[in-house]
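Trainee:
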Amino acid sequence: MRQFPAILSCSPLQPMPPCLRLTRLETSMGICSTVKDPETLGYSEDSHLHQILWLVRLNRDTLTHLELEYLHLMNPRAVRDLCRTVSQLHRLQALRVSAESMTLRTNGRTILETFLQSCPESLIKLKVGHWENKQAFVGDGLDPVAEDWDFDLGPLILREAPLYDVKRLCVPSVVHDKDWAPTLRSFLGQCPAITSLQILTNNGRASIGIEPVLISIGELCPQVSILSFPSGCFGVHLTRIMEGLTTQGLDTLLCRYGTDLGHKAMDLAWTRHSISLRRVEFICCRRVHSGAIQSALTTCRGLEVFKIIDSLEQLRYIALRIDDAVRSEWVCTNIRELRIAVWITADGRDPAYFEDPGKRTWIEEERQHWDNLGRLYTQIGALTSLEILDLKAAGELNYVSDIPHTETSLPGLLALDDPANGKIGYLSKLAGLTKLRELRGSFVWTNPEAKKRIDEDEVDWFVDNLPALELAMFMHKRDYIDGGYTLPGPHQSLRRKRPGLKLVHYDPSMDYSQYQQGWNW
């Protein structure tokens, strides 16, 4: 039920048929235009919301799912009408509401507290979100006396009983109100059966005084198995939450914009959920220590998805260092999706000793480094359930002298081992990845270092050993010209032999889509 000025101006409104006995209703209050069209100058968001809520009340006896998106709740009457309506939906199981961020910055705690206490006891899923309206459209509104449309709707009766059936909960933060944290704690205490919890933040900032609430999640919601950790908080809070949850109870962990996720405290946290934990995502975190990554891969046997993604290209702060990577055996043999950065060399490129494939001039340190490379790639090749591998080369990126992961290839990985013909490499270590569908990250065939080591033997290896491969990031953006790629010899050969294989270059939107994905609600 979204208002489109262009539609309003070109066609008359048609009578709406009776909408009775609805079980599901999804509506949106968004306005597509930032220009005050003459047709919308008299538009009142309050009256529009009132009409929608009237329709909701008509179906109070049948509605089980309700979504009200992009609400403007600046008027107290709109808040009262919303809360009255929601409190009457005694069969409602799933409720999703989003309000303008400005609303939460001004009267957020009062609005949220009233709304949460109005939710019916029948709820199983509740999501309260917020949205940023940078160019708000403001209509004329209602006259507070002549059109006070809620004067005869009676008192607002708040719920007193706990929400025993709520399993999935998503609530926002009220950043500037110190009293919001106690309110949130009180509400969490009313939902003892929560299994999925997400605490949103406003503009990447957490609420004042939120830390004690986070630490108490295990006590307040002991059955939580899916946890979205709020941004703006520190790793120590994350570990204390995980330690407070039921042993082997956590299934999914999502952390966005977290800070300083250290490894020492994480060791015990991973161990506490080493069997149950299946999905871990660290998205746009400022720092994820290498030891914390290593500990997860060597402790959590049940892992199926493990992602560490940074939109700002600061890979060195979230990378797994090679010495950590090979310290112990990775036990997550059922993992299907792995997206991490690895620190192999200081600049993310092939080390200088690669120029001597006969190894005659190698010093002991270089031989050890080469052996560690083999151990790392062996670890990856042993993950035979992998379907998506996104492996980026991290380094001390200097935009003057070094090249980013989007232009390089992982040292020693794209070539087969053939010293007699002047080549050394560990490509054969990946032969076990027969289920691999997507190969992303630092696998660019067209950079100068890779070109010297890739020929027809490597092409045949990819054709014969990775039968499920559908997409490979072998290209660089500069290779894409006028809607197509300029393909060097090996690429042309690969395309002939595997015509269904999609060759692509790195696109920031690929990572962007990962960290913009909402919680699976």
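FYI, in numbering that gives the first Met the number 0 the residues of the sequence shown are 0 to 520.
We put the CB at the ideal spot given by N, CA and C, even for glycine.
1. Using the three-state DSSP reduction, which class does histidine 490 fall into: helix, strand or coil?
2. Out of curiosity, what's the CA-to-CA distance linking arginine 335 and glycine 290?
3. For phenylalanine 473, does the three-state DSSP call read helix, strand or coil?
4. Should threonine 238 go down as buried or exposed, given a rule of 16 or more other Cβ atoms within 10 Å for buried?
5. Which partner residues of serine 522 appear in the DSSP bridge assignment?
6. How many angstroms separate the CA atom of glutamate 146 from the CA atom of valine 304?
7. Between which two residues does the alpha helix (DSSP H) containing serine 372 stretch?
8. Using CA coordinates, which residue listed in Ser227, Val212, Val170 and Arg76 is at the minimum distance from leucine 155?
9. Across which residues does DSSP place cysteine 523 in a beta bridge pair?
10. State the start and end residues of the unbroken alpha helix (DSSP H) segment that holds leucine 267.
11. Who are the Cβ neighbours of leucine 296 in its own chain at under 6 angstroms, not counting the five residues just before and after it?
12. Answer yes if the stretch 311-325 comes into contact with the stretch 350-358, meaning at least three C-beta pairs across the two stretches below 8 angstroms, and no otherwise.
13. Taking C-alpha atoms, which residue in Glu364, Lys358, Gly261 and Ile343 lies nearest to leucine 372?
14. Please look up how many angstroms separate the CB atoms of lysine 428 and tyrosine 376, rounded, as I've assumed it's under 8 angstroms.
15. Should leucine 187 and leucine 219 be called a contact, given that it needs their Cβ atoms to be closer than 7 angstroms?
16. Suppose you measure from the CA of threonine 407 to the CA of arginine 278; what does that come to, to the nearest Å?
17. Could you check where the alpha helix (DSSP H) with cysteine 254 kicks off and where it finishes?
18. Among residues of its own chain, excluding the 5 on either side of valine 399, which ones have a beta-carbon nearer than 7 angstroms to its beta-carbon?
19. On the criterion of 16 or more Cβ atoms from any shown chain inside 10 Å, does aspartate 349 qualify as buried, or is it exposed?
20. Assuming leucine 183 contacts valine 165 under a Cβ cut-off of 8 angstroms, what Cβ separation, rounded to an integer in Å, is found between them?
21. Excluding the 5 residues preceding and the 5 following glycine 380 in the sequence, name in chain order all residues of the same chain whose CB lies nearer than 8 angstroms to its CB.
22. With a CB to CB cut of under 7 angstroms and the five nearest residues on each side skipped, what residues in its chain are close to serine 275?
23. From what residue to what residue does the alpha helix (DSSP H) around aspartate 323 run?
24. Within the continuous alpha helix (DSSP H) that includes lysine 450, where are the two ends?
25. Restricting to Cα atoms, I'd like to know which of Thr383, Leu415, Leu390 and Ile339 is closest to asparagine 333.
26. What's the gap between the Cα of leucine 252 and the Cα of alanine 419?
27. When you compare each of Pro191, Gly234 and Phe233 to glycine 217 by their alpha carbons, which one comes out closest?
28. Return the CA-CA distance between tryptophan 361 and aspartate 370, expressed in angstroms with no decimal places.
29. Would you tell me roughly how many angstroms separate the C-alpha atoms of isoleucine 87 and arginine 56, rounded to the nearest one?
30. Taking the straight line between their C-alpha atoms, what separation do you get for leucine 267 and glutamate 242?
31. Nearest-angstrom Cα distance between serine 215 and serine 97?
32. The alpha helix (DSSP H) spanning glycine 347 covers which residue range?
33. Just verifying my parser: in three-state terms, what is the DSSP assignment at leucine 187?
34. How would you write the range of the beta strand (DSSP E) that isoleucine 308 sits in, first residue to last?
35. Name the DSSP beta bridge partners of phenylalanine 523, please?
Mentor: This is what the structure holds:
1. helix
2. 22 angstroms
3. In this structure, phenylalanine 473 counts as coil in the three-state DSSP scheme.
4. buried
5. The question about residue 522 has no answer, for the chain in this structure spans 0 to 520.
6. Low per-residue confidence applies at glutamate 146: pLDDT is 46, beneath 50, and the placement is therefore not dependable enough to give any value.
7. The displayed chain sequence assigns leucine, not serine, to residue 372. Residues 363-380.
8. Closest in C-alpha terms to leucine 155, from the list Ser227, Val212, Val170 and Arg76, comes Arg76.
9. In this structure the chain extends from 0 to 520, so residue 523 is not present and cannot be described.
10. 263-271
11. Cβ neighbours of leucine 296 beyond the five flanking positions: Trp329 and Cys331.
12. no
13. Ile343
14. Right, the Cβ-Cβ distance comes to about 4 angstroms (below 8 angstroms), so this counts as a contact.
15. yes
16. The straight-line gap from Cα to Cα measures roughly 29 angstroms.
17. Cysteine 254 -> not in any alpha helix (DSSP H); beta strand (DSSP E) instead, spanning 251-255.
18. Any answer about valine 399 is weak, because its pLDDT of 38 lies below 50 and its placement is not dependable; what the coordinates show is given next. Around valine 399: no qualifying Cβ.
19. It is buried - the Cβ of aspartate 349 has at least 16 other Cβ atoms within 10 Å.
20. Wrong, their Cβ atoms sit about 14 angstroms apart, outside the cutoff.
21. Counting only residues of its own chain and dropping the five nearest sequence neighbours on each side, glycine 380 has a CB closer than 8 angstroms to the CB of Lys428, Leu429, Ala430, Gly431 and Leu432.
22. Gln247, Gly248, Leu249, Asp250 and Gly301
23. 321-324
24. 447-450
25. Thr383
26. 48 angstroms
27. Pro191
28. 12 angstroms
29. The residue you asked about is not isoleucine; residue 87 is glutamine in the sequence shown. Cα to Cα, glutamine 87 sits roughly 7 angstroms from arginine 56.
30. 8 angstroms
31. 26 angstroms
32. Counting along the chain, glycine 347 falls outside any alpha helix (DSSP H), and DSSP gives it neither H nor E.
33. helix
34. 304-308
35. Past the edges of the chain, shown from 0 to 520, lies residue 523, and the structure says nothing about it.
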